[in-house]
Amino acid sequence: MSESNTDRPIEQPEGEIKIETRGLNLFYDAFRALTDINVAIPARQITALIGPSGCGKSSFLRCLNRMNDLIDDARVEGDVLLDGGSIYEDDTDVAQLRKRVGMVFQTPNPFPMSIYDNVAYGPRLHGFGGRDSLGEVVEKSLRGAALWDEVKDNLRKSALDLSGGQQQRLSIARVLAVGPDVLLMDEPCSALDPTATFRIEELMLELMERYTIVIVTHNMYQASRVSQHTGFFLLGELIEYGSTVGIFENPKDQRTDDYVRGRFG
Amino acid sequence: MRVLPRVTPRISQAIAFALLWMAALMVILPVTALLVVMFVKGRGSLSWSLVTSTEAGGLLAPIVGTTALVTLTAVIVAPVGVAAAIYLSEYARAGRLVRLIRLAIVNLAGVPSVVYGLFGLALFVMLLHFGRCLLAGACTMALLVLPLVITAAEEALRQVPRRLREASFALGATRWQTVRRVVLPNALPGIITGLILSVGRAAGETAPILFTAAFYSLTDPFPKSLFDPIEVLSYRLFVIATEVPRIEEGEKWATAAVLVALVLGLNALAVIARARLRRARRW
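In order, the protein sequences belong to chains A and B.
Numbered by the numbering used here, the letters in the first sequence go through residues 203 to 467 in order.
Numbered by the numbering used here, the letters in the second sequence go through residues -8 to 274 in order.
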């Protein structure tokens, strides 16, 4: 290792840690997409990951719920701990892992089914019981995603008839319905207009009380508005990590400074 | 030194357009000519009683037989073809096995249909003791259209956007749950269309059923079980055109017209089914 992690301005947070990565490396075939990421993500707070396109922040996010497993030539080295236990054991139940670590994608991706069936999809997968209680889960999840009031009279309507912002909140409701502890959000607002973006950001601040949220964003204002912790990625390396205020107001690495001041990226 | 007069871009464009237009027209012409000749020559013999009659020359038995053959072929080929397509599209990772399977599909599609007929005779009729019958014919036809069905179904599965699969996996679904609840329902219109078009091809084939299923009977034309031989339109046409003397010219053309109408009808059904099912599902 030419440049050890300890030389870097990486301040691990105090308090309860939800996710921890140890020497995490990700390869796509021979290409090294992530180099030696050591980071601790605090429980029930919002952690933002920023950096220019192709810096590895989305790839990192996909290591946390093992979505990279779906890519044929992706290979992970090192470890990721969730509540202290490795998620890369040979006998890790990946379906159960993804139940605990939900993900919201860049473009809203509702299934071509009714609003109700979209939210009920997860509970039905995992063998949910009676109809009444399923209805309750759907309502609770839609309320949790601040969508209930807009759709409660049209639950049988196709989810594809919703606006982009509503579809993204539906995606969040769908994730909440399986009862995760962690929400991974991969640029959840990049396809939305400012009003819809504002609603999602408000929602994130509400959800923070109960969920650990990790958000990838290329919008630095968004990172500074919603997050308590920020990590800056560049070329597959975690350059700087610490409190959001610290990263934006007093960055320690010159490259972080250049990036948050908009000098590149 | 220029001998020929310079061709301006305007003129070369006009020539190119004319040639391409004629080439495209060449597709329409034979089809139209065929249909027109067939219906004009067969017009005298085409009648409602022709297609509903079981008398000599009546086409009810071969229509029933062809329909039974096509339906049974679809029932046999659909599960195998769709399952293979799901494996290739959703499960298989690129490698030697997949290359081998694809090679087999390409080669299966290239085998002449008469070879299928002989193979069906050897395997289903003789080795498995089905005898010359509906079941043996449908099994042989199923082999013939299997590569078409696999290819069409795989194409339909690949059309389902990746983001829907990712959404499902991210909610903790297994691969099979994702296939069953998201991918398959959304690919169904394409799969059904491909299936109908493929078996439509089977409806017009003669060689595969020549040795395995078809017969020409004036006394007992309807199959009573899967193990009875059947009359088939394509085979009837083959027989009356080559083996039975003193058949009126018009009757042959009329039989051909009914066969073509049946195949075109199936194709139309495929197009309608696709439009209907597409309207219900979109993304």
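Think of the CB as a built atom: it goes at the ideal place given N, C-alpha and C, for glycine as much as any other residue.
Computed from a predicted model, the values in this text were never measured in an experiment.
Residue 280 of chain A: not part of any alpha helix (DSSP H); member of the beta strand (DSSP E) spanning 276 to 284, first to last residue. Taking every protein chain shown into account, the CB of residue 87 of chain B has fewer than 16 other CB atoms within 10 angstroms, so this residue is exposed. By the neighbour-count definition (other C-beta atoms within 10 Å, threshold 16), residue 120 of chain B is an exposed residue. Annotated as distal: residue 221 of chain A and residue 272 of chain A, with beta-carbon spacing of 8 Å or more. In the same chain as residue 6 of chain B, and ignoring 5 residues on each side of it, no C-beta atom comes closer than 7 Å to its own. Counting C-beta pairs closer than 8 Å gives three or more between the region 259 to 278 of chain A and the region 296 to 303 of chain A, which meets the contact rule. Distance from the CA atom of residue 141 of chain B to the CA atom of residue 169 of chain B, rounded to whole angstroms, is 20 Å. Look at residue 290 of chain A here: in three-state DSSP terms it is coil, with no helix or strand label.
Considering only B/143, B/165, B/55, B/202, the residue with the shortest C-alpha distance to residue 180 of chain B is B/143. For residue 244 of chain A, the uninterrupted beta strand (DSSP E) run begins and ends at 233 to 244, by DSSP. Sequence-distant Cβ neighbours of residue 419 of chain A in its own chain, meaning closer than 7 Å and more than five residues away, are 250, 252, 389, 425. Contact check between the region 152 to 170 of chain B and the region 250 to 262 of chain B: fewer than three CB pairs, one atom from each, fall below 8 Å, which does not count as touching. In this structure, DSSP gives residue 164 of chain B a state outside helix and strand, which the three-state scheme calls coil. Under the three-pair Cβ rule at 8 Å, the region 351 to 361 of chain A does not count as touching the region 389 to 408 of chain A. Straight through space, the alpha carbons of residue 247 of chain B and residue 175 of chain B are spaced by roughly 38 Å.
For residue 79 of chain B, no CB of chain A lies under 8 Å from its own CB, so it is not counted at the interface with that chain.
Classified as exposed, residue 335 of chain A has fewer than 16 neighbouring CB atoms from the shown chains inside 10 Å of its CB.
By the rule that beta-carbons nearer than 8 Å mark a contact, residue 231 of chain A does not touch chain B. Taking 8 Å as the cut-off, the Cβ atoms of residue 59 of chain B and residue 214 of chain B count as close. For residue 422 of chain A, there is no enclosing beta strand (DSSP E); the enclosing alpha helix (DSSP H) covers residues 422 to 428. Closest in alpha carbon position to residue 221 of chain B, among B/230, B/241, B/200, is B/200.
Here residue 384 of chain A is near residue 302 of chain A, since their CB atoms are less than 8 Å apart. The count of Cβ pairs closer than 8 Å, one atom from the region 52 to 68 of chain B and one from the region 216 to 233 of chain B, reaches three, so the stretches are in contact. Separation of residue 194 of chain B and residue 172 of chain B (C-alpha to C-alpha, rounded to the nearest whole angstrom) is 33 Å.
Within the region 150 to 162 of chain B, the residues whose Cβ lies closer than 7 Å to any Cβ of chain A are, in chain order, 154, 155, 157, 158, 160, 161, 162. Annotation for residue 101 of chain B: the continuous alpha helix (DSSP H) segment containing it runs 87 to 101.
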